[in-house]
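Have a look at the structure below before the remarks.
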Amino acid sequence: MAEAVLTLHGIRVRYDEPTVLEVDSLAVYPGEILAVMGPNGAGKSTLLRLMGLLQQPTHGKIYFHDREVIPTDGLAVRRRMASVFQEPLLLNASVYDNAALGLRLRGLDRHSIERRVQPWLKRLGIDHLVRRPARSLSGGEAQRTSLVRALALDPEVLLLDEPFSPLDPPTREGLLLDLERILREAGITTVFVTHDRDEAFMLGDRVSVLMGGKLLQSGPTTEVFAHPVNLEVAHFVGFDSKIPGVVESASDELAQVRFNGGCAQVVGNFQAGEQLFLCLRPEDITVSLPGAEDRKSSARNRLEGKVLKVTPWGAHYRVAVGCGENRLVAFITRPSFLELKIAEVDEVVASFKASAVHVIKRK
Amino acid sequence: MELIWEGIKHACWLLLTGDAEVLGITLFSLQVSGAATALSLVVGIPLGILLAMKRFPGRSLVVSLINTGMGLPPVVVGLFVTIFLWRSGPLGFMELLYTPTAMIIAQVVIAFPIIAGLTMAAFQSLNPNLRLQLLGIGASTPQLLWLLCKEARLPLLAAIMAGFGGVISEVGASMMVGGNIRGQTRVLTTATVLETGKGNFEIAIALGLILLLLTFVVNLLLTRIQQREQLRWPKQS
């Protein structure tokens, strides 16, 4: 792999006890988008502030292009990066003046500033707003201005701290799509912090999952989303059903796992007696009425249970099914819901493929 | 009512004819209070910024002292400055008592806590993340402070207005440390007191009106700058 642009080593941040951030090692490589994902209060923003040299760690070292950053060259290194925060944080000035601010701070002349700012204003679709005062902008326009202000600096690392979270869904979607295109086209090295797994999945080439101040897993996005290393990460990346079970029998690439409420077949090499968690995504489970299962379905696992709760969930319905002491969560489409006419305590069958199960070994 | 009317007429006459003594007192008042405000800005704004942005041991004590200082009675200031500058006082060797310098010192003591306190409030009213954002796009420390001052310019103007208004209109300290010496340390407020004491209500009203007009014009100018900015760009919710 290429030399990392930014590396964190042995980082500890303590305000008072306990430690709020503990990262042994994290590197950002040129051209990649690293999504740092985690719930609120996980230490994501602290991590981003450390990367942007806006905060000093209590312990640990930060390297920029393999050279340790020392306080005296803080400004010089800071000027090779750019940060965008959750709030647009614009000055009480025009859109153009805000967009040009970072370049002005670097002492560039008027023409050079205009040459660098204009294309970005255009790419982010706010070139018609240049004379508008920043305080008269909508949330989406203000955040676009904030992005232009950062992108115009041509940063070696762009640091984004949940820039979409205060926006309404349509505005957020539009900006997310535009930004994804721009970052890919321009190949800008980006660290993107979010609590939204969909945003992380969409933007990130790699994902790091941060919880309780600790990095639980880092890897290519598809890898982290498909193979979370523990239950916390599994829950965060969307495995809503987690069933504890024991391997009853195992053969080549297939194992029979027994748990309270039934048994299921899972793909993988396991040994009899091994204790596991079977993790399932809601979209991988189908719900049908007893006796009406789809015989053509390739799903090897069929579990009988009772409907615990049905909740409208955006375009879907979220159905919680109780199987013994375990709880499976499935998404069903609106037409399916109308066809099944299921309600609480109704008997149903939850089906899923053996290959849809992600297995986490119990320690 | 006639007394007031005569006073107004006399004031207009003094203003229009450019009475040398009144003009002298007015200019002297502006010089003393202007200098005191300027010095208070030099000390008060950095202190206000420091208190708003940094946490250090003893900070809350300094903030309490500043807040107390914002309501300091000018007579008390006059008393202590007089004691300090008294011939046998700690700074008596400087022989500053009953000089314009002594008046400026007393007015700085009055204006500087007002300016420091309001500057602190102005900076605390800014979004705390703005500092990080400006650093995050490459601002150096001086650039950061300049941008934050620009962003807080409206409340900072209010701080200057309050500081100047506080010292141009005070009488106790100026009287005590200046001595109201004609042609040397007489300012509009002390002259007004003197003329009222002598029963020269017409001149006292005239001086009072000039003082009022002066304060009004200075504040009108600053208020217009402040309001123009506020009204020009309505904030979008």
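As they're listed, the protein sequences go chains A and B.
Number 83 in numbering that gives the first Met the number 0 belongs to position 84 of the first sequence; there are no gaps in the numbering.
Number 112 in numbering that gives the first Met the number 0 belongs to position 113 of the second sequence; there are no gaps in the numbering.
Every residue, glycine too, gets a C-beta built ideally from N, C-alpha and C.
Legend entry - Distance, A:Ala271 Cα to A:Ile331 Cα: 34 Å
Inset, instruction - Find the nearest neighbour of A:Val190 within the set A:Gly203, A:Asp65, A:Tyr14 and A:Val245, judged by alpha-carbon distance. - result: A:Gly203
Inset, instruction - Measure from the C-beta of B:Ser124 to each C-beta in chain A and report whether the shortest distance is under 8 Å. - result: no
Legend entry - A:Phe63 - partner residues in DSSP beta bridges: A:Leu5 and A:Arg66
Legend entry - C-alpha distance - B:Gly116 paired with B:Phe55, whole-angstrom precision: 17 Å
Inset, instruction - Confirm, please, whether the CB-CB distance from B:Gln132 to B:Ala35 is below 8 Å. - result: no
Inset, instruction - Using a Cβ cut-off of 8 Å (strictly closer), state whether B:Leu134 contacts chain A. - result: yes
Legend entry - Burial state of A:Gly37, where buried means 16 or more other Cβ atoms lie within 10 Å: buried
Legend entry - Exposed unless 16 or more other CB atoms sit within 10 angstroms - verdict on A:Lys43: buried
Inset, instruction - Entirely within the stretch 171-212 of chain A and at least 4 residues each: give me those alpha helix (DSSP H) ranges in chain order. - result: 196-202
Inset, instruction - Return helix, strand or coil for A:His315, following the three-state DSSP convention. - result: strand
Inset, instruction - Take every Cβ of the stretch 65-75 of chain B, pair it with every Cβ of the stretch 167-180 of chain B, and state whether three or more of those distances are shorter than 8 Å. - result: yes
Legend entry - Straight-line Cα distance separating B:Gly68 from A:Ala98: 41 Å
Legend entry - Ordered list of alpha helix (DSSP H) runs contained in the stretch 175-200 of chain B, each at least 4 residues: 187-196
Inset, instruction - Would you identify the three-state DSSP class for B:Trp4, choosing helix, strand or coil? - result: helix
Inset, instruction - Tell whether a beta-carbon distance below 8 Å holds between A:Leu288 and A:Val347. - result: yes
Inset, instruction - In the DSSP assignment, find the beta strand (DSSP E) that holds A:Glu21 and state where it starts and stops. - result: Thr18 to Val27
Legend entry - Chain-ordered neighbours of A:Ser82 on chain B, where CB pairs are closer than 9 Å: Leu131, Gln132, Leu134, Gly135 and Ile136
Inset, instruction - Would you mind sorting B:Gly6 into buried or exposed? The rule is 16 or more other CB atoms within 10 Å of its CB. - result: buried
Legend entry - Opposing strand residues paired with A:Arg11 [DSSP bridges]: A:Glu21 and A:His58
Inset, instruction - Can you pull the chain A residues whose beta carbon is under 9 Å from the beta carbon of B:Leu146, in chain order? - result: Leu90, Leu100 and Leu104
Legend entry - 6 Å CB neighbourhood of A:Arg6 in its chain, flanking five on each side removed: According to the sequence displayed, residue 6 of chain A carries Thr and not Arg. So the list reads Ala26 and Tyr62, once near-sequence residues are dropped.
Inset, instruction - Check whether the Cβ atoms of A:Arg326 and A:Ser240 sit closer than 8 Å, and answer yes or no. - result: yes
Legend entry - Any C-beta of chain B under 8 Å from that of A:Leu150: no
Inset, instruction - Note down, in chain order, each residue of its chain lying with its Cβ closer than 6 Å to the Cβ of A:Gly260, except the 5 sequence neighbours on either side. - result: Cys322, Gly323 and Asn325
Legend entry - Contact under 8 Å by Cβ, B:Thr118 with B:Ala158: yes
Inset, instruction - List the residues of chain B whose Cβ lies closer than 7 Å to the Cβ of A:Arg78, in chain order. - result: Gly137
Inset, instruction - Taking only heavy atoms of the ligand PLP into account, decide whether any of them is closer than 7 Å to the Cβ of A:Glu303. - result: Annotation note on the ligand PLP: not contained in the displayed structure, which lists no ligands.
Legend entry - Cβ-based neighbour list, B:Lys8, same chain, cut-off 7 Å, excluding 5 preceding and 5 following: none
Legend entry - For B:Gly196 and B:Tyr97, the rounded distance between their alpha carbons: 20 Å
Inset, instruction - Flag A:Arg48 as yes if its beta-carbon sits less than 8 Å from any beta-carbon of chain B, otherwise no. - result: yes
Inset, instruction - Closer than 7 Å by C-beta to A:Ile32: which residues in its own chain qualify, once you throw out the five before and the five after it? Chain order, please. - result: Leu182, Thr189, Phe191, Leu202, Gly203 and Asp204
Legend entry - Own chain partners of A:Ala141 with C-beta closer than 8 Å, once the 5 adjacent residues on each side are dropped: Pro87, Leu89 and Ala133
Inset, instruction - Take the Cβ of A:Arg78 as the centre, count every other Cβ of all protein chains shown within 10 Å, and call the residue buried at 16 or more, exposed below. - result: buried
Inset, instruction - Output the distance between the C-alpha atoms of B:Leu220 and A:Glu172, rounded to the nearest integer angstrom. - result: 47 Å
Inset, instruction - Output the distance between the C-alpha atoms of A:His58 and A:Tyr14, rounded to the nearest integer angstrom. - result: 12 Å
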